[in-house]
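In what follows, a single structure is set out as structure tokens and then discussed.
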Amino acid sequence: MMRRYAVALALIFLSAVLFADKQLEFSVISTITRMFGQTSYELEVIDPVLGVMSLLEFPLGSTVAGLRADLEKHTSGGIPWAVRTSFYTNLGDPGKVMKDSDWFLYQDYPPIYFSYTESDAEMRYLQATVRFEARLYSRRWLAFYATGGYRYQYVDYDIMGYEGWQYLDKDPVDGDPELYVISAGSALKVMEYQITHHAPMAGVALRLTTPKLALDLAAGYQLVLISDYDDHVLRSKLSTAEGTGHGLLCSLDGRYTLRRETGSFRPFLFLAADFSYVYADIEQTQEWYGDLDPYATKGTRYTGISHLIKSALFTSTMGFGFRY
Numbered sequence: 036m037m038r039r040y041a042v043a044l045a046l047i048f049l050s051a052v053l054f055a056d057k058q059l060e061f062s063v064i065s066t067i068t069r070m071f072g073q074t075s076y077e078l079e080v081i082d083p084v085l086g087v088m089s090l091l092e093f094p095l096g097s098t099v100a101g102l103r104a105d106l107e108k109h110t111s112g113g114i115p116w117a118v119r120t121s122f123y124t125n126l127g128d129p130g131k132v133m134k135d136s137d138w139f140l141y142q143d144y145p146p147i148y149f150s151y152t153e154s155d156a157e158m159r160y161l162q163a164t165v166r167f168e169a170r171l172y173s174r175r176w177l178a179f180y181a182t183g184g185y186r187y188q189y190v191d192y193d194i195m196g197y198e199g200w201q202y203l204d205k206d207p208v209d210g211d212p213e214l215y216v217i218s219a220g221s222a223l224k225v226m227e228y229q230i231t232h233h234a235p236m237a238g239v240a241l242r243l244t245t246p247k248l249a250l251d252l253a254a255g256y257q258l259v260l261i262s263d264y265d266d267h268v269l270r271s272k273l274s275t276a277e278g279t280g281h282g283l284l285c286s287l288d289g290r291y292t293l294r295r296e297t298g299s300f301r302p303f304l305f306l307a308a309d310f311s312y313v314y315a316d317i318e319q320t321q322e323w324y325g326d327l328d329p330y331a332t333k334g335t336r337y338t339g340i341s342h343l344i345k346s347a348l349f350t351s352t353m354g355f356g357f358r359y
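Per our numbering, the very first residue in the sequence shown carries number 36; after that it's consecutive.
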């Protein structure tokens with residue numbers, strides 16, 4: 036993935052160098068981003084007598100390093116079009132824990148909360164975007180743009196150990212469950228989880244440009260092709276899902292040029308804030324590949340399980356760049 040992105044950046048740079056005139060401007064920005072948020076999924080197994088609902092919440096908060104490259108067409112009337120690309124990867128694991136909650140569902144009764152655990156999360160995060168902008172209207176320092184593009188996001192977790200509690204009834208005959216504290220050391224991998232977004236997107240952007248300062252406010256819709264993979268290692272159970280979801284994007288970023296004179300490699304400061312939200316109501320398949328689970332044997336398979344994915348991510352970015 037990183038090699039493909041490096042090739043794409045190189046092609047953009049070469050096109051800027053080979054075909055550049057005074058109307059084309061190429062810029063590169065090195066960024067550091069702080070992410071806040073989580074991705075989660077909720078599933079329900081419906082049964083006339085007894086069903087189960089589970090909610091798994093995975094933290095996204097981490098520090099991320101990125102590289103952004105922009106190619107802009109400049110005229111006396113402003114910027115008629117632009118191509119913007121970016122790539123990000125995390126520098127460390129989330130500071131918060133993964134949470135796993137479970138409820139029993141009895142017909143005509145509210146859900147009964149019977150299990151809760153917290154685990155450490157090791158995370159690998161990749162995100163790449165490409166966005167095209169075409170000017171629709173401009174007046175002096177203001178311009179209005181139509182935007183379109185593609186956003187890729189991949190998150191891979193190793194969930195280590197757990198601490199929590201469960202209500203367990205070791206004697207089902209008496210119908211009197213007891214509360215037990217449960218735990219496993221953080222060196223034990225209990226779960227692997229992966230989630231991938233492929234998201235075409237479209238929206239609008241408003242740009243304010245002065246000789247030293249440029250501000251961009253953008254918003255858009257994304258159609259998300261989403262898939263996830265959940266391997267409950269301690270139960271030898273594999274859960275998979277894929278389908279289509281929907282999302283919103285909004286961003287505010289600014290560039291402050293450190294010197295006004297024209298010429299090569301003009302430096303600037305970059306600040307940005309972004310928010311994205313994704314919602315997907317799809318179906319999950321569960322299959323047991325071993326006999327570690329006391330409640331299911333190897334080869335047991337269930338399909339059509341309600342699987343609701345939600346992801347909310349806020350990022351704050353600062354960077355330094357050059358225009359060429």
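For each residue, glycine too, the CB sits at the ideal point set by N, CA and C.
In the same chain as residue 223, and ignoring 5 residues on each side of it, the C-beta atoms closer than 7 Å to its own belong to 195 and 196, in chain order. With a cutoff of 9 Å on beta-carbon distance, residue 83 and residue 142 are scored as near each other. The beta carbon of residue 64 sits closer than 6 Å to those of 103, 305, 354 and 356, all from its chain and outside the five residues before and after it, given in chain order. In the DSSP assignment, residue 89 falls within the unbroken beta strand (DSSP E) covering 85–94. Only residues of its own chain outside the window of five on either side were considered, and among them 57, 58, 59 and 60 have a CB closer than 8 Å to the CB of residue 109, listed in chain order. Burial check for residue 97: the Cβ neighbour count within 10 Å reaches 16 or more, so the residue is buried. Residue 182 sits close to residue 237, with the two beta carbons spaced by under 9 Å.
Residue pairing by DSSP leaves residue 222 without any beta bridge partner. Residue 177 carries a strand assignment under DSSP once its states are collapsed to helix, strand and coil. Membership of residue 264 in the beta strand (DSSP E) is indicated by the continuous run 248–267. Taking the CA atoms as reference points, residue 91 sits about 15 Å from residue 158. In chain order, 231 and 277 place their CB closer than 6 Å to the CB of residue 262, counting only its own chain and leaving out the 5 sequence neighbours on each side. Under the three-state reduction of DSSP output, residue 294 falls in the coil class, being neither helix nor strand.
Per the coordinates, the alpha-carbon of residue 72 lies some 33 Å from the alpha-carbon of residue 293.
From the listed residues 329, 121 and 333, the smallest Cα separation to residue 322 is found for 333.
Between residue 314 and the set 335, 257 and 320, the nearest pair of CA atoms involves 257. Our two residues, residue 154 and residue 167, have alpha carbons roughly 40 Å apart in a direct line. Exposed is the label assigned to residue 216, since fewer than 16 other Cβ atoms lie within 10 Å of its Cβ.
Beyond the five residues adjoining it in sequence on each side, residue 339 comes within less than 7 Å, by CB distance, of 318 in the same chain, given in chain order. Within the stretch 144–215, complete beta strand (DSSP E) segments of at least 3 residues are found at 147–174 and 177–203, given in chain order.
Taking the CA atoms as reference points, residue 343 sits about 29 Å from residue 204.
Distance from the CA of residue 266 to the CA of residue 70, rounded to the nearest whole angstrom, comes to 25 Å.
If you draw a straight line from the Cα of residue 75 to the Cα of residue 175, it comes to about 45 Å. With respect to the C-alpha of residue 281, the residue from 311, 275 and 130 having the closest C-alpha is 311.
DSSP places residue 58 in no beta strand (DSSP E); its state is neither H nor E.
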